[in-house]
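Engineer:
2 protein chains.
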Amino acid sequence: MMKSDEQRPSWLRDAEPSAGVEGFVFYGGRAGIKKSGADDFGLIFAPEGARCAAVYTQNLVVAAPVTLSRAHLKAASGRVSAVLVNSGNANACTGEGGMRDALESCQLVAQALSERAGRELPLEELQVCSTGVIGAPLPMEPLREHIPIAAQGLTTRGLPDLARAIMTTDTRPKARALSLTLSSGVELRVAGVSKGAGMIHPNMATMLAYLCTDASLSHEQLNALWSRVCDKSFNAITIDGDTSTNDTALLLASGQGEPLEGEDLARLERGLTELARELALDILRDGEGVEHVLHLKVSGARSQEEARRVAEAIALSPLVKTALNGCDPNWGRIIAAAGRSGVALDPSLLSLSIGGSLIYQEGRWQGPESEAEAHEVMRRAEYEAELSLGLGSEELWIYGTDLSADYVRINADYRS
Amino acid sequence: MMKSDEQRPSWLRDAEPSAGVEGFVFYGGRAGIKKSGADDFGLIFAPEGARCAAVYTQNLVVAAPVTLSRAHLKAASGRVSAVLVNSGNANACTGEGGMRDALESCQLVAQALSERAGRELPLEELQVCSTGVIGAPLPMEPLREHIPIAAQGLTTRGLPDLARAIMTTDTRPKARALSLTLSSGVELRVAGVSKGAGMIHPNMATMLAYLCTDASLSHEQLNALWSRVCDKSFNAITIDGDTSTNDTALLLASGQGEPLEGEDLARLERGLTELARELALDILRDGEGVEHVLHLKVSGARSQEEARRVAEAIALSPLVKTALNGCDPNWGRIIAAAGRSGVALDPSLLSLSIGGSLIYQEGRWQGPESEAEAHEVMRRAEYEAELSLGLGSEELWIYGTDLSADYVRINADYRS
């Protein structure tokens, strides 16, 4: 029943993020945007170019860099040569000036990289992201000064530096890599970074994720793959239901050969899904005030959409989340959250297990013993639960967190 | 702009809840369901009968008493003679036995009241409500013993006792009354009780509200009126977005004369709306860990539905709620919550004021002074804010609360 049953196949192995991915160089360092003096500028460069699939925030209040990146990706038909990202300032709610600044940042990077690459980089092949304080103009002076230095500092081993440079409220950098062997024996690499997690005013802690692979994929493959992978990773995590104005997740593929097919394409999807899911979980694990991460499976649904509605109602319920914080196998709150999800349930068919302990079966409480077992499981930092609706055969996973007094303290802090 | 501008007209005055309402007698006392020994049983009796409009929980997981009450109201074509309510046990998730127990409780009350009234009470003229522990069978022995005593204890002055008897996690009883003078000079009374607020396992703190009036209304008037009143009161408050399996709000009208019309009907609606809104706000004011109550107006919407979606996205956002807790005029979080509400907004048209201080106008932050003013307002226990969407002329009020570390502590307590 549980995801943990999935054994990792022998063709899939952990790799060092610092070993990089063929076709990409990375940079992370300090431009001087953050007053703390921490790293705040990152670059990804694909000297030969890469194909890119993107998922941007669905929030209608969108920051300038997201608007510009979306337009660039369209104009370049999905081709991307570089991604620039700054932390410390979100360039959001900054009006026309914000758009001018985002554009100038791209121009500065295109110029610096053209020199390095010995070829003209079209502006629309650049993606730009910002994360941090909202409402304040992006400080351009530090960027004008630092971008040429950053371009010189790009290296195949720079992925961990990039992970550090995109942090805002994160307490640790998030970089991961996997190696996979295709059926032909060829080795591929997938590697990536992410950041989260909640939103602390005046910082809106944007969700950013960049994954790179040296696989060769058509644009159609790339887009379909990234959409499926994000649904199982970055779109399957939730801390507080709030989305930022700047959320961006990019998949870049540098391979120049024939597109992958069949079993090899399936292997890549498996590897990418695992990498993305772990990078997404890393965001939860490092979330503000998070003490427990819940892997929740909703099964027995009539459709994916119904499973998602039930899963989100549970994962976002403050009463469920506080119960998780108290390690309390509070089936009443979980069942009640499912009941108000808008999905036409039959309460007498619902079953709930936590960490393999069945505490509620087809509408009936299974007694104090199973609850005591579940309580023990819930003391772990991370565990699985399953709610079966008994209506069909669709299922999906969602990843949520508890709600702690620390979360409130962090987020209620006036002008932190 | 603010609701507080509405002056109360001279024909509307506060009244003593203990003065009662013509046509009703009330009871509240101790049957022995609660282990604490607190009051746990209440009755409303209309010896001549009353017309009733009801709003029940929309949760699909519904407790036996709600299922039975709904069927009764339909069978009796909206006629109600008595309402019985117990606290300490919700009779929810109790299967067929739960339905048997709800039915027996009604039979016991019908029998006891028939003796007192000297006429046979049809079973379907009874409404039954339960609130408290879920999953455990309703203890029938205390009820069998106590119901005849309760029937003898009914009195015109018993409304405050009823308010005490329906409490679960509430820290204080909630009873209110208003007097209103019709254009003819006739006096009417509206009075009611409510209880809330969050849900603490194993108690599901159901929202219950009973309002009584001696006005004369047709069934059609009563249902239309109650639906409009609830939309502006009990359906306009939110603490955590979770709904209980037992929520019930009843309006009972004992008047036997000609139905009210025109100006008089409008006066009654005004009085009922104020009474219901204050009883609903009382639930928030006594909510678990609540330190601030927000009266939020969303204006300039194209439709009521859009206004409601925006208002709920804001009022339920944990990031907004923690900002309220910190008295932080965090417009970024409010704007971002509106942006993800699913309503097609134009960010450049949004304006936000808190307590009359305009901090964000048509997409632009109004500077630190207005924020400092708003911060002072937000230190109050209760205040108003308005988000204008700039799209149309529809508006609505919603009432929400902050999210405090205390809320988490109360709800995370394992087996409290």
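Sequences listed follow chains A and B, in order.
For the first sequence, position 297 matches number 463 in this note's numbering, and the numbering has no gaps at all.
For the second sequence, position 197 matches number 363 in this note's numbering, and the numbering has no gaps at all.
From the three backbone atoms N, C-alpha and C, an ideal C-beta is built for every residue, glycine too.
Verify the CB distance criterion: does Gln-224 of chain A have a CB-CB separation below 8 Å to chain B?
Structural biologist: Chain B contact via Cβ: present.
Engineer: Based on Cα-Cα distance, which residue from A:Gly-455, A:Arg-474, A:Asp-397, A:Arg-323 lies nearest to Gly-358 of chain A?
Structural biologist: Comparing Cα-Cα distances from Gly-358 of chain A to each of A:Gly-455, A:Arg-474, A:Asp-397, A:Arg-323, the minimum goes to A:Arg-323.
Engineer: For a contact meaning CB atoms closer than 7 Å, what does Leu-511 of chain B contact in chain A?
Structural biologist: Correct list: Leu-226.
Engineer: Within the segment 371-441 of chain B, note down every full beta strand (DSSP E) run reaching 3 residues or more, in order along the chain.
Structural biologist: The segment 371-441 of chain B contains these whole beta strand (DSSP E) runs: 374-379, 414-419.
Engineer: What runs of the beta strand (DSSP E), each 3 residues or longer, lie entirely inside the segment 230-263 of chain B?
Structural biologist: Correct list: 245-255.
Engineer: Run down chain B in chain order and give the residues with a C-beta less than 9 Å from the C-beta of Pro-484 of chain A.
Structural biologist: Within 9 Å Cβ-Cβ: Gly-364, Ile-405, Asp-406, Gly-407, Asp-408, Leu-482, Pro-484, Lys-487, Leu-569, Tyr-573, Val-574, Asn-577.
Engineer: Give the DSSP-derived three-state secondary structure of Ala-578 of chain B in the structure shown.
Structural biologist: Ala-578 of chain B: helix per DSSP, three-state reduction.
Engineer: Can you list the residues of chain A that Thr-322 of chain B reaches, using a CB-CB cut of under 7 Å?
Structural biologist: The contacting residues do not exist; Thr-322 of chain B stays about 37 Å from chain A at best.
Engineer: Any C-beta of chain B sitting closer than 8 Å to the C-beta of Gly-566 of chain A?
Structural biologist: False, the Cβ-Cβ gap to chain B never drops below 8 Å.
Engineer: Out of B:Leu-346, B:Lys-487, B:Gln-470, B:Gly-455, point me to the one whose CA is closest to Ser-176 of chain B's CA.
Structural biologist: Selected option, being the one with the closest Cα: B:Leu-346.
Engineer: Would you say Arg-330 of chain B lies against chain A (beta-carbon separation less than 8 Å)?
Structural biologist: It does not; no Cβ of chain A falls within 8 Å.
Engineer: Report yes or no: is there a C-beta of chain A within less than 8 Å of the C-beta of Ala-502 of chain B?
Structural biologist: Chain A, which has a Cβ nearer than 8 Å to the Cβ of Ala-502 of chain B, makes this yes.
Engineer: Checking contacts by CB at 8 Å: is Gly-301 of chain A closer than that to chain B?
Structural biologist: It does; some Cβ of chain B falls within 8 Å.
Engineer: Can you name the start and end residues of the beta strand (DSSP E) that Ala-212 of chain A belongs to?
Structural biologist: Looking at the DSSP string, the run of the beta strand (DSSP E) that includes Ala-212 of chain A is 207-222.
Engineer: Please go through the segment 266-349 of chain B and give each complete beta strand (DSSP E) segment of 3 or more residues, from N-terminal end onward.
Structural biologist: Counting whole runs of 3 or more residues, the segment 266-349 of chain B contains the beta strand (DSSP E) stretches 292-299, 340-347.
Engineer: Which chain B residues are close to Asn-491 of chain A, counting only those with a beta carbon under 7 Å from its beta carbon?
Structural biologist: In chain order: Val-574, Ala-578.
Engineer: When you compare the CB positions of His-541 of chain A and Asn-491 of chain A, do they come within less than 8 Å of one another, or not?
Structural biologist: No, Cβ-Cβ distance for His-541 of chain A and Asn-491 of chain A is not below 8 Å.
Engineer: Is Gly-194 of chain B close to chain A, meaning its C-beta is less than 8 Å from at least one C-beta of that chain?
Structural biologist: Chain A, which has no Cβ nearer than 8 Å to the Cβ of Gly-194 of chain B, makes this no.
Engineer: Relative to the alpha-carbon of Cys-623 of chain B, which residue among A:Thr-567, A:Ala-502, A:Ile-520, A:Leu-569 has its alpha-carbon at the smallest distance?
Structural biologist: The structure shown has nothing for residue 623 of chain B, since chain B only spans 167 to 582.
Engineer: Kindly indicate if chain B contains any beta-carbon less than 8 Å away from that of Arg-506 of chain A.
Structural biologist: Yes, because at least one Cβ of chain B sits closer than 8 Å to the Cβ of Arg-506 of chain A.
Engineer: For chain B, find out if any of its Cβ atoms is closer than 8 Å to the Cβ of Trp-531 of chain A; answer yes or no.
Structural biologist: Closer than 8 Å: yes.
Engineer: In chain A, which residues lie less than 8 Å from Thr-411 of chain B when you measure between Cβ atoms?
Structural biologist: Within chain A, the residues near Thr-411 of chain B are Ala-502, Gly-505.
Engineer: For Leu-287 of chain A and Ser-384 of chain A, what's the separation of their Cα atoms in angstroms?
Structural biologist: Computed Cα separation, rounded: 22 Å.
Engineer: With 8 Å set as the bound, which would you pick, yes or no: does the beta-carbon of Gly-498 of chain A sit closer than that to a beta-carbon of chain B?
Structural biologist: It does; some Cβ of chain B falls within 8 Å.
Engineer: Rounded to whole angstroms, what is the Cα-Cα separation between Pro-339 of chain B and Met-373 of chain B?
Structural biologist: Taking the straight line from one Cα to the other gives about 13 Å.
Engineer: Looking only at its own chain, which residues have a Cβ that is under 7 Å from the Cβ of Pro-326 of chain A, when we skip the five neighbours before and after it?
Structural biologist: Excluding sequence neighbours, Pro-326 of chain A sits near Pro-183, Ser-184, Pro-339, Ala-341.
Engineer: Tell me the rounded alpha-carbon separation between Gln-422 of chain B and Ser-570 of chain B.
Structural biologist: If you take the alpha carbons of Gln-422 of chain B and Ser-570 of chain B, they lie about 48 Å apart.
Engineer: Need the endpoints of the alpha helix (DSSP H) that Ala-489 of chain B sits in, please.
Structural biologist: That run of the alpha helix (DSSP H) goes 484-491.
Engineer: Skipping 5 residues on each side, what residues in its chain have a beta carbon closer than 7 Å to that of Asn-257 of chain B?
Structural biologist: Contacts found: Ala-229, Ala-230, Pro-231, Gly-264, Asp-267, Ala-268, Ser-296, Leu-304.
Engineer: Rounded to whole angstroms, what is the Cα-Cα separation between Ala-276 of chain B and Ala-489 of chain B?
Structural biologist: So the two alpha carbons sit approximately 51 Å from each other.
Engineer: Would you kindly check if the distance between the Cβ of Tyr-376 of chain A and the Cβ of Leu-416 of chain A is under 8 Å?
Structural biologist: In contact: Leu-416 of chain A and Tyr-376 of chain A (Cβ atoms closer than 8 Å).
Engineer: Taking one C-beta from the segment 520-533 of chain B and one from the segment 557-564 of chain B each time, how about it: are there three or more such pairs within less than 8 Å?
Structural biologist: Segments in contact, no.
Engineer: Across the segment 432-445 of chain A and the segment 390-402 of chain A, are there enough close Cβ pairs to call them in contact, namely three or more that are closer than 8 Å?
Structural biologist: At 8 Å Cβ cutoff, the stretches touch.
Engineer: If you drop the 5 nearest sequence neighbours on each side, which residues of the same chain put their C-beta closer than 6 Å to that of Glu-539 of chain A?
Structural biologist: Cβ within range, chain order: Ser-523.
Engineer: I need the straight-line Cα distance from Trp-497 of chain A to Asn-577 of chain B, nearest angstrom please.
Structural biologist: Trp-497 of chain A and Asn-577 of chain B: Cα-Cα distance of roughly 14 Å.
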